[in-house]
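The next block holds one structure in the form of structure tokens; read it before the comments.
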Amino acid sequence: MKLDLSSAIEEITKNGGRRVLLQLPDGLKPDVFSYFTELSKHFSVIVTSEAFYGACDIGNKDVYEGVDYIVQLGHSEIPNIKYPRPVIFIEKRIEKFPEIPDSAYEILSKNGYRKIGLLCSIQYLDMMYRVQIQLERLGFSTVIGKQDRRMKYPGQVLGCNFSAAHSISGEVDCYLVVSTGKFHGIGTQLSSEKPVFILDLNLRGIEDISAETDRFLRKRYARIYQARDAKRVLVVVDSKIGQYRMRLAETLMSQAREMGIEPVLIVANEAKPSDFENMMCDAVVFTGCPRVPIDEEDKFKMPVLTPQEFQMVFGLKKPSRYIMDEIVAVDPIN
Ligand code: SF4
0 MKLDLSSAIE EITKNGGRRV LLQLPDGLKP DVFSYFTELS KHFSVIVTSE AFYGACDIGN
60 KDVYEGVDYI VQLGHSEIPN IKYPRPVIFI EKRIEKFPEI PDSAYEILSK NGYRKIGLLC
120 SIQYLDMMYR VQIQLERLGF STVIGKQDRR MKYPGQVLGC NFSAAHSISG EVDCYLVVST
180 GKFHGIGTQL SSEKPVFILD LNLRGIEDIS AETDRFLRKR YARIYQARDA KRVLVVVDSK
240 IGQYRMRLAE TLMSQAREMG IEPVLIVANE AKPSDFENMM CDAVVFTGCP RVPIDEEDKF
300 KMPVLTPQEF QMVFGLKKPS RYIMDEIVAV DPIN
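And the structure:
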């Protein structure tokens, strides 16, 4: 499905923009010629080939400083980021959905769940509302949670933010996450004590995520255990505009020193295993995207911990359950 650039073209033209930076995620790069040609009829356009991960990342300052507008395809805006250039986000929403048989929802009623909290990743926002209609027709009641200022839509979750789940935790029996893949379901489960199910659109079925979450937790606790004797630690700040948490990193630096650990503060635009290995550290505390320590942990030889995991290892926090790292807001980059 090709994305419609017309509203972006209209807005940039209306505001006198001439130079445009186009950012495309990997999945949309095969259409780069078509997008480039269309925008180039109106503006001077450059395309960045750098990998980027979401609306938290507008790329290299040397590149975006030279343009009037950034057009980012595929993601939704993160409203509480102060972008240094106007950014137009053109979201990718899935338009063709599979039919989900009514029987797929029996797993919810069999478990006695009647009040369902609905969540989704951005591509499946429209599908979430269709699921809502279907559930209510089947006699369930549904709630879609309000998001915080990092998120654009009610019910939307990101790998770094589950505020829409927190906001309704007292009102629902369980959550149903409309997505593909397991990450958002696991993240929701880690952020809540309520049961979580995923509606996997590839499988057209509903799955309880608790076994996956247990597997995930076993891996994380193994990493946490591995870090318990660390003496030299890198505290890493990611310089991406929507991941920059310098104040948190400074707090972690102080906490490390107080515990007799030798910390080094690192700013990086990419969590590169070879860089960390060269620095001969025992562990890394990563304050950027919470998915890096989790999704990419196999790339690293040393334990790479989230801030919360670091505080758990050294007894600064003694939570009764695992705490997921979530980003609510970031620091301004000067
Ligand atoms: S911080 Fe990570 S999960 Fe959050 S928007 Fe960026 S890439 Fe996505």
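The opening position of the sequence shown corresponds to residue 0 in numbering that gives the first Met the number 0, with each subsequent residue numbered one higher. Positions of the beta carbon are idealized from the N, C-alpha and C atoms, including for glycine. Quick caveat, the model's predicted, so the values are computed rather than measured.
DSSP places A221 inside the alpha helix (DSSP H), whose first and last residues are 209-225. Per DSSP, F182 is not a residue of any beta strand (DSSP E); the alpha helix (DSSP H) it occupies stretches across 182-190. Classified as buried, R219 has 16 or more neighbouring CB atoms from the shown chains inside 10 Å of its CB.
Minimum Cα-Cα distance from M252 among the listed residues G241, V235, Y243, N268 corresponds to V235.
The beta carbon of R320 sits closer than 8 Å to the beta carbons of E192 from its chain, once the five residues preceding and following it are set aside; these are given in chain order.
In this model, N277 and V266 are separated by some 15 Å (Cα to Cα). By the neighbour-count criterion, in which a residue is buried when 16 or more other Cβ atoms sit within 10 angstroms of its Cβ, A255 is buried. Under DSSP, D237 forms a beta bridge with A267. Our two residues, P100 and L118, have alpha carbons roughly 19 Å apart in a direct line. Here the C-alpha atom of E10 lies approximately 11 Å from the C-alpha atom of V70. For P262, the pairing in a beta bridge is given by DSSP as V232. Contact between the stretch 113-127 and the stretch 163-180 is present, with at least three C-beta pairs closer than 8 Å. In this structure, R320 has its beta carbon at no less than 7 Å from each heavy atom of the ligand SF4. Between T305 and D330, the alpha-carbon positions lie close to 18 Å from each other. I260 and R214 have their C-alpha atoms spaced approximately 30 Å apart. Here the alpha carbon of I205 sits roughly 16 Å from the alpha carbon of Y128. In this structure, G58 lies near T47, with their beta-carbon atoms less than 8 Å apart. In this structure, the beta-carbon distance from N160 to D147 falls below 8 Å. Straight-line spacing of the CA atoms in R231 and L264 works out to 11 Å. In the displayed model, Y68 falls within a strand according to three-state DSSP. In this chain, the beta strand (DSSP E) harbouring L20 covers 18-22. Here the stretch 74-87 does not lie against the stretch 98-113, with fewer than 3 beta-carbon pairs under 8 Å apart.
Beta-bridge partners of L247 (DSSP): none assigned. With respect to the 8 Å criterion, A7 and I87 are classified as neighbours on the basis of their beta carbons.
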